[in-house]
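Here the structure comes first, spelled out in structure tokens, and everything after it is commentary.
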Amino acid sequence: MADFLGMMKQAAQLQSKMQAMQEELGQVEVEGISGGGLVSVRMTAKMEVKAVKIDPSLIKAEEREILEDLLVTAHGDARRKAEIAMQEKMQALTGGLGLPPGLGLG
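Residue numbering for the sequence shown follows our numbering, starting at 141 and increasing by one per position.
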């Protein structure tokens, strides 16, 4: 019975830490870049896009498709960085809890 109570306490601690981590992820921002810095996308680790910057040299009607491709690439770069930031937070959160290896939360 003591093991069960210990597990319940550990689960409650994990839930509390998860909520705090979710709040932190909203504050962590990453920036994805494409076109050698001509296009950038800034987003939170919760995948919320905060800003898009486009170099004025790209704003030409005949280069619309290039700009669209660069936006997609910059967004993908930012998303990968946000996922890495989230994984790092999860590892920091679950690292000291002594969870079994098969119970990965990240």
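We put the beta carbon where it would ideally sit given N, CA and C, even for glycine.
Note that the structure is a prediction, hence the values are computed from the model and not measured.
So, are the CB atoms of residue i and residue j less than 8 Å apart?
| i | j | result |
| --- | --- | --- |
| D217 | S174 | yes |
| K221 | G177 | no |
| E164 | R182 | no |
Once the 5 residues before and after residue i are set aside, which same chain residues still bring their CB inside 8 Å of it?
| i | result |
| --- | --- |
| G166 | T184, A185, K186 and E188 |
Exposed or buried, residue i, counting other C-beta atoms within 10 Å across all chains shown (16 or more means buried)?
| i | result |
| --- | --- |
| S197 | exposed |
| M147 | exposed |
| Q227 | exposed |
| K262 | Past the edges of the chain, shown from 141 to 246, lies residue 262, and the structure says nothing about it. |
I believe residue i touches residue j by the beta-carbon criterion, under 8 Å. Please report the beta-carbon distance rounded to the nearest angstrom.
| i | j | result |
| --- | --- | --- |
| V179 | I194 | 6 Å |
| L233 | M161 | 5 Å |
Spatial neighbours of residue i within its chain, please: CB distance less than 6 Å, with the 5 preceding and 5 following residues excluded, ordered by chain position.
| i | result |
| --- | --- |
| V192 | V181 |
So if DSSP puts residue i in a beta bridge, which residue, or which two residues, is it bridged to?
| i | result |
| --- | --- |
| K193 | S180 |
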